[in-house]
Amino acid sequence: MTSADMDYLTIALPKGKLFAPSVDLLSKIGVSANDVHEKSRKLVISNEEKKVRFIITKTGDLPTYVEYGAADIGIIGKDVLLEESKDVYELLDLKFGLCRLMVAVPQALKKDKISDYAHMRVATKYPNVAERFFREMGIQMEIIKLNGSIELAPMVGLAEIIVDIVETGRTLKENQLLEIAQIHKATARFIANRVSMKMKFDRIHGIVEDLKCLLESEDKQ
Ligand code: PRP
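Residue numbering for the sequence shown follows our numbering, beginning at 3 and increasing consecutively.
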């Protein structure tokens, strides 16, 4: 870590659904910068006065930036942490962004039990989570990794089953898919790099404490 890096706290924010609530939450505890927008072409945004630097990353890449110390801290969904299994500290459950990692099938393919789907194809953005889930159940499946619009796969015969996150359930409903098993619940988590946690303990600890107070006060309202 250079001395310039030591002066700044670098915060990774994920593109997508967690971006706006993350910016909002951090700004409430005074951790902010001008022009932190998801669509910004500028991917590093600094606040010289507060000595913070925001970086905006693809969701799946965020834990890697934090693991390698390119970012000191970050906010990311538990679903991504389960998939990526990176060596980072998970310091706080921020409670927002609640969703569920689910197994779903087309209504027409509904079977009695999950083992009846053995050897079928599973489309997912979460191949590690899916592989672990079916392995622990002793069911062998063929996992097909996709990067988005997972619900399309069973409609066009690419896969029989999907593993995906469900938030409101609207996408499943609109595509006639049924949830058949829940793998995990997920919310946004505050994570930190292991070395940064030692070198910048006071700053990171201060943010965690401020976030805890904020969440508690919002809980009481
Ligand atoms: C996620 C997920 C589902 C959808 C679920 O996709 O993969 O498709 O949201 O939300 P719902 O239950 O509220 O309908 P996202 O919008 O992140 O886009 P993607 O499919 O391109 O990854």
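Backbone N, C-alpha and C fix where the C-beta goes; we use that ideal spot for every residue, glycine too.
Reduced DSSP category for S219 - H, G, I as helix; E, B as strand; rest coil: Taking the first residue of the sequence shown as 1, we reach residue 219 at position 217. Here S219 sits in helix by DSSP.
Spatial neighbours of M199 in its chain, beta-carbon cut-off 7 Å, leaving aside the 5 residues before and after: Along the sequence shown, one-based indexing puts residue 199 at 197. Same-chain partners within the cutoff: Y91, I206.
Cα-Cα separation, K17 to G140: In the sequence shown, the residue the question calls residue 17 occupies position 15. In the sequence shown, the residue the question calls residue 140 occupies position 138. If you take the alpha carbons of K17 and G140, they lie about 35 Å apart.
Test: E133 CB closer than 8 Å to a CB of chain D: The structure shown has no chain D; it contains just one protein chain.
Span separating the alpha-carbon of K165 from that of I58: Your numbering for residue 165 matches position 163 in the sequence shown. Your numbering for residue 58 matches position 56 in the sequence shown. Residue 165 is actually Val in this sequence, not Lys. C-alpha separation (whole angstroms): 26 Å.
Cβ-Cβ distance between A14 and G76 below 8 Å: Position 12 of the sequence shown, counted from the start, is the residue given in the question as residue 14. Position 74 of the sequence shown, counted from the start, is the residue given in the question as residue 76. Yes.
Residue nearest to I78 in terms of C-alpha spacing, selected from R191, D114, P156, K44: Taking the sequence shown and counting its residues from 1, one reaches residue 78 at position 76. Closest by alpha carbon: R191.
Heavy atom of the ligand PRP within 7 Å of L174 beta-carbon: In the sequence shown, residue 174 corresponds to position 172, counting from 1. It does: the Cβ of L174 is within 7 Å (strictly closer) of some heavy atom of the ligand PRP.
M104 burial status per 10 Å Cβ neighbour count (16 or more: buried): Position 102 of the sequence shown holds residue 104. M104 is buried by the Cβ-count criterion.
Reduced DSSP category for H207 - H, G, I as helix; E, B as strand; rest coil: Here residue 207 corresponds to residue number 205 of the sequence shown, with the count starting at 1. In the structure shown, H207 falls within a helical segment according to DSSP collapsed to helix, strand and coil.
CA nearest to the CA of E181, picked from N149, K115, S29: As a working mapping, residue 181 is identified with position 179 in the sequence shown. Per the Cα distances, K115.
Distance cut-off 7 Å: T189 Cβ against heavy atoms of the ligand PRP: Taking the sequence shown and counting its residues from 1, one reaches residue 189 at position 187. No - the ligand PRP has no heavy atom lying nearer than 7 Å to the Cβ of T189.
Residues near Q142 in its chain [Cβ-Cβ closer than 8 Å; skip 5 each side]: For this step, residue 142 is matched to residue 140 along the sequence shown. Excluding sequence neighbours, Q142 sits near A120, H121, F136.
K214 versus F203 - alpha carbon distance: Against the sequence shown, residue 214 aligns to sequence position 212. Against the sequence shown, residue 203 aligns to sequence position 201. Looking at the two C-alpha atoms, the distance is approximately 16 Å.
Beta carbon of V82 nearer than 8 Å to that of N195: Working through the sequence shown from its first residue, we reach residue 82 at position 80. Working through the sequence shown from its first residue, we reach residue 195 at position 193. Contact annotation: V82 and N195 have beta-carbon atoms that are not nearer than 8 Å.
Given S47 as reference, the closest of P108, T66, A73, V131 once Cα atoms are compared: Mapped onto the sequence shown, residue 47 falls at position 45. The amino acid occupying residue 47 in the given sequence is Ile; Ser does not appear at that position. Ranking P108, T66, A73, V131 by Cα distance to I47 puts A73 first.
Y10 versus I31: straight-line alpha-carbon distance, rounded: As a first step, residue 10 is located in the sequence shown; it is residue number 8 there, counting from the start. As a first step, residue 31 is located in the sequence shown; it is residue number 29 there, counting from the start. Roughly 17 Å separates the two Cα atoms.
Beta-carbon separation (whole angstroms), I209 vs V33, contact threshold 8 Å: To locate residue 209, count along the sequence shown from 1; it is residue 207. To locate residue 33, count along the sequence shown from 1; it is residue 31. Contact holds; Cβ gap of about 6 Å.
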